Structure formats: C-alpha cells, structure tokens
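The block underneath contains the structure these notes are about, expressed in structure tokens.
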Amino acid sequence: LARGFSELLRLRTLTLADVSLGRYLQRSCCQVCKVFEACPALATVDVSSNFFELEAFEVLAHALPNSSVTDLDLSNNSAGLVTNQQRVEDAASHVPILSLLS
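Following the numbering used here, the numbering of the sequence shown begins with 74 at its first residue and continues without gaps.
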C-alpha cells in the first residue's frame, strides 16, 4: 500500500481518453478531478472523448487551482450538451424497438 501511494505521488501523466467516464453518472469524472489535487507531480491529463458535464466541471474548477496540472485535454466531451432526448435517439439508432420512444 505504501509503495502504491508513493508511486501515485510521483504520477506525472494521466491518460483516460475515451473510456466512457461519466457516460451514466458524473461520479467517476468528479473522482478523476479530485485526483488532480492528490498527485502533486501530475502535470499532464488527457480525459478527452468522455462525458464530462456541469457537475464534473464544477469539481474541476475547484481542483485545478490546487494542482500542478499544466496540460489538460478535455476535447470531445459532452459538456452537458447531450440532452436526454438525444440519448434516446442515439439508443434508438442501435436498437430498432426503441425508435418508438424518440
């Protein structure tokens, strides 16, 4: 445990691109943002192509000033722009029976 924690303290780069963070709940996105503060050497973070929305961006806004992150890639995140109707339409395109809902 101590070795794992010491390695975490030396973490310089974190890449979690396109792993569906926040697809269903924002909790995972918020937890990632909190890691920024816990890792004093962390400078580069790539969380592109996930589902960060308002809740996660609020946590991010509080975490960044207390972190050493200097390079952050948030590209291709939903940013709260995906509505429930869009999610139903997307699901309907993959499962024909759901087209009745859209």
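We put the CB at the ideal spot given by N, CA and C, even for glycine. Computed from a prediction, not measured in an experiment: that's the story for all the values here.
*Is the Cβ of residue 149 closer than 7 Å to any Cβ of chain C?*
Here there is only one protein chain, and chain C is not present.
_By DSSP's criteria, residue 120 is part of a beta bridge. Which residues make up the other side?_
For the purposes of this step, residue 120 is taken as residue 47 along the sequence shown, with counting starting at 1. Its beta-bridge partners do not exist; DSSP assigns none.
_So for residue 89, helix, strand or coil by DSSP?_
Translated into the one-based positions of the sequence shown, residue 89 becomes position 16. Looking at residue 89 - three-state DSSP - the assignment turns out to be coil, as it is neither helix nor strand.
*Near residue 81, which residues of its chain fall below 8 Å by C-beta distance, leaving aside the five closest residues on each side in sequence?*
Locating residue 81 in the sequence shown gives position 8, where the first residue counts as 1. The answer, listed in chain order, is 111 and 112.
*Could you tell me the distance, in whole angstroms, from the CA atom of residue 136 to the CA atom of residue 118?*
Indexing the sequence shown from 1 puts residue 136 at position 63. Indexing the sequence shown from 1 puts residue 118 at position 45. Answer to the nearest angstrom: the Cα atoms are 13 Å apart.
*Leaving out five residues before and five after residue 90 in sequence, what residues of the same chain have Cβ atoms less than 6 Å from its Cβ?*
In the sequence shown, the residue the question calls residue 90 occupies position 17. The answer, listed in chain order, is 119, 121 and 122.
*Enumerate in chain order the residues of its own chain whose CB-to-CB distance from residue 86 is below 6 Å, with the five nearest sequence positions on each side excluded.*
Numbered from 1 along the sequence shown, position 13 holds the residue referred to as residue 86. If we look at residue 86 and ignore the five residues flanking it on each side, its Cβ neighbours are 117.
*With DSSP run on the structure shown, which of helix, strand or coil describes residue 81?*
Looking up residue 81 in the sequence shown gives position 8. Looking at residue 81 - three-state DSSP - the assignment turns out to be helix.
*Which whole-angstrom value describes the C-beta separation of residue 114 and residue 148, a residue pair presumed to lie in contact below a C-beta threshold of 8 Å?*
Numbered from its first residue, the sequence shown carries residue 114 at position 41. Numbered from its first residue, the sequence shown carries residue 148 at position 75. With a Cβ gap of about 24 Å, residue 114 and residue 148 do not count as contacting.
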